[in-house]
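What follows is a set of notes on a single structure, which appears directly below.
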Amino acid sequence: MPKVRQLLEQKGTDVATIAGDCTALEAARMMNAKRIGSVVVLHDEHVAGIVTERDLMNRVIAEERNPAETKVADIMTANVACACQDTTLDELRQTMREKRIRHVPIINDERKLLGIVSIGDLNIVEHRIKEETIQYLEQYMYRP
């Protein structure tokens, strides 16, 4: 089974990050500009948390807080589930399913950010693997 390391080699390691002292408005604008659903919160180059679209909706909009004054550190999910590069994609999907999350930062032993994997990334890989399997089976079944 493919591992996170292989997926990051294909998709790249660019991750949108933000500091905890930035505002919710800045986080929302960054997500909107990059067309992404989350930003990783860093503190001293280490993963401190994550802010998702859902966090903005539940912890800012629904609570009628001013996004221009609300700090990212106050709305982020601090105990974020992370994975390492040697995690299999099946294990990562299982973690996402169990924790009901869509984004998992990938870290090294020092909790430094190496990349991020979304459920969409996993779906693309799964689709590609199934397409390759179908092609292989078609060639096997219909070869002359």
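Here the sequence shown is numbered in our numbering, starting from 742 and rising by one per residue.
Note that beta-carbon positions come from the ideal geometry of N, C-alpha and C, so glycine has one too.
Just so you know, these numbers come straight off a predicted model, no measurement behind them.
- request: Determine the direct distance from the alpha carbon of Val-792 to that of Ile-860, and round the result to whole angstroms.
  value: 16 Å
- prompt: Looking at the structure shown, is Thr-764 part of a helix, part of a strand, or coil, going by DSSP?
  reply: In this structure, Thr-764 counts as strand in the three-state DSSP scheme.
query: In three-state DSSP terms, what is Ile-842?
result: coil
task: Taking Ala-789 as part of the beta strand (DSSP E), name the residues at either end of that continuous run.
output: Counting along the chain, the beta strand (DSSP E) containing Ala-789 begins and ends at 787 to 793.
- prompt: Going by other Cβ atoms of all chains shown within 10 Å of its Cβ, with 16 needed for buried, is Leu-784 buried or exposed?
  reply: The amino acid occupying residue 784 in the given sequence is His; Leu does not appear at that position. Exposed, because fewer than 16 other Cβ atoms sit within 10 Å of the Cβ of His-784.
- request: For Gly-753, I'd like the list of residues in its chain whose CB is within less than 8 Å of its CB, leaving aside the five on either flank, ordered along the chain.
  value: Gly-856
message: Which runs of the alpha helix (DSSP H) at least 4 residues long sit entirely within the stretch 815 to 859? Give them in chain order.
response: 830 to 840
query: Does the count of Cβ pairs from the stretch 764 to 776 and the stretch 790 to 808 closer than 8 Å reach three?
result: yes
message: Quick check on DSSP: helix, strand or coil for Val-813?
response: helix
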